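So for the sequence shown, my numbering puts the first residue at 17; every next one is plus one.
Don't be surprised by glycine CBs; every beta carbon is placed ideally from N, CA and C.
Note that the coordinates shown come from a computational prediction; the quantities given were computed from them, not determined experimentally.
Read through the structure below, which is laid out as C-alpha cells, and then see the notes.
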Amino acid sequence: MNRSGLVELDTVAAVARLGGFRAAAIELGVSATSVSNAVAGLEARLGVRLFNRTTRSVSLSEAGEQFIAAVRPALSDIHAAMAATSSRRGRPAGTLRLNCPAEAARQILVPVVLKFQRRYPEVGVDIVTDAQQIDIVAKGFDAGIRPRDAVPGDMIAVPFGPELRFAVVGSPAYLRDHPAPAKPADLLAHRCIRARWPSGALYRWEFAKQGRALTIDAPGSLTLDEPTLMRDAALAGAGLAYMWEARVRGDLACGHLVSVLDDWMPSSPGFCLYHPDRRNVPAALLAFIDMLR
Numbered sequence: 017m018n019r020s021g022l023v024e025l026d027t028v029a030a031v032a033r034l035g036g037f038r039a040a041a042i043e044l045g046v047s048a049t050s051v052s053n054a055v056a057g058l059e060a061r062l063g064v065r066l067f068n069r070t071t072r073s074v075s076l077s078e079a080g081e082q083f084i085a086a087v088r089p090a091l092s093d094i095h096a097a098m099a100a101t102s103s104r105r106g107r108p109a110g111t112l113r114l115n116c117p118a119e120a121a122r123q124i125l126v127p128v129v130l131k132f133q134r135r136y137p138e139v140g141v142d143i144v145t146d147a148q149q150i151d152i153v154a155k156g157f158d159a160g161i162r163p164r165d166a167v168p169g170d171m172i173a174v175p176f177g178p179e180l181r182f183a184v185v186g187s188p189a190y191l192r193d194h195p196a197p198a199k200p201a202d203l204l205a206h207r208c209i210r211a212r213w214p215s216g217a218l219y220r221w222e223f224a225k226q227g228r229a230l231t232i233d234a235p236g237s238l239t240l241d242e243p244t245l246m247r248d249a250a251l252a253g254a255g256l257a258y259m260w261e262a263r264v265r266g267d268l269a270c271g272h273l274v275s276v277l278d279d280w281m282p283s284s285p286g287f288c289l290y291h292p293d294r295r296n297v298p299a300a301l302l303a304f305i306d307m308l309r
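In C-alpha cells, the structure reads:
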C-alpha cells in the first residue's frame, strides 16, 4: 500500500468515527477540503459511495459500513506495527551488516566492534571482509568501509582513523644478501613480491618525495593477491613487499621485518564508513557511527 492510500483509509475511518468532515479535519490536522478530496478519491477508485451526504449531516452508506468494518482491524494492525517499529529507533537492535577489507576489520574489531556489542547486546554484528569493492546496497549490507578515496560518490561518508601509511619491507636475512635500496629505481635490482588487484591488474608501487611522485612496476617472480600471504613471504625472505604499515607494525617493532625507502613512502587518507542515505538510518548503524567517531 502506498502512502496516499493509507492516508485515504485513515481519513475515511476518521470521518466514519467522528461523523463529519470538519471534525475529521481537526483531528487529522488538515483542511476540510483535503478530507473531502481524500474521501472522493477513494470512492472514485472503489466505484461506490461510502458516505451519504446532506448539508447538515454525513453518514455511512451500506457499502461504507461494510467497508469500514472490513478495514478497521487491518488499519489498527498497521498502525500498531508502525508504532512498534518507530519505537525501536531509540533502542538499537537487530543485525548490523558491514563489508570491508580485512585491514579495516582488524583496525575496528577490538576498539569499536567489541565495545559496541558490550554496550548494545541486542545488536548482532556481521562483518564480511572483501578485498574487492562491491555494491553494498545490492548485497544487503547496512554500510561499507573503504579508504576515503575509494568511497562511491553517491554514498554518505563518515571518515575515521588516521591516515594510511605504506612501507616497503623485507626480512633481515634478505637484506643481508641484497643491499637496501636508496631510491625507488634501485628496486629494479631486487626481488619484489608483486601484488595483484582483485580486478586482476598488477599493482604498481607508488612513491612520493618533496612533491615528486612516481610509480614502479616492481620486478619479481612471485605474485600474490592476499596481503597476509605477502607478509608471510616477506618474513620468509622471498623479497621486498609493499604493504600497509599497520599490517606489519608488530613485525617491524620486533625486528622480524625491516622497512626501506622510508623517506619515499606516501600516505593516503584513512578509512571511511559509508552508507546510502541520510534518511531512515537504522538505529544500530547510527549508534555504531557515534562510537566509530
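Taken through DSSP and simplified to helix, strand or coil, residue 49 comes out as helix.
Residue 199 and residue 182 have their alpha carbons spaced roughly 15 Å apart. A distance below 7 Å between beta-carbons, with the five flanking residues on each side excluded, links residue 208 to the following residues of its chain, in chain order: 234, 235, 236, 255 and 256. Exposure of residue 154 is indicated by the presence of fewer than 16 other C-beta atoms within 10 angstroms of its C-beta.
Under the three-state reduction of DSSP, residue 70 is assigned to coil, being neither helix nor strand. Within the DSSP secondary-structure output, residue 184 pairs in a beta bridge with 258 and 276. Rounded to the nearest angstrom, the gap between the Cα atoms of residue 69 and residue 169 is 55 Å.
If you compare the alpha carbons of 214, 227 and 232 with that of residue 220, the shortest gap goes to 232. DSSP places residue 163 in the strand class (E or B) of the three-state scheme. When beta bridges are read from the DSSP output, residue 283 appears opposite 181. In this model, residue 159 and residue 218 are separated by some 28 Å (Cα to Cα).
By the 16-neighbour rule on beta-carbons within 10 angstroms, residue 302 is exposed. Judged by DSSP in its simplified three-state form, residue 138 adopts coil rather than helix or strand. Burial of residue 24 is indicated by the presence of at least 16 other C-beta atoms within 10 angstroms of its C-beta. The beta carbons of residue 224 and residue 260 sit no closer together than 8 Å. Residue 305 and residue 122 have their alpha carbons spaced roughly 17 Å apart. In the three-state DSSP reduction, residue 56 falls in the helix class (H, G or I).
Three or more Cβ pairs closer than 8 Å define a contact, and the region 284–297 meets that threshold against the region 163–178. The beta carbon of residue 30 sits closer than 7 Å to those of 40, 43 and 44, all from its chain and outside the five residues before and after it, given in chain order. The distance from the Cβ of residue 285 to that of residue 164 is about 4 Å, consistent with a contact at the 8 Å cut-off.
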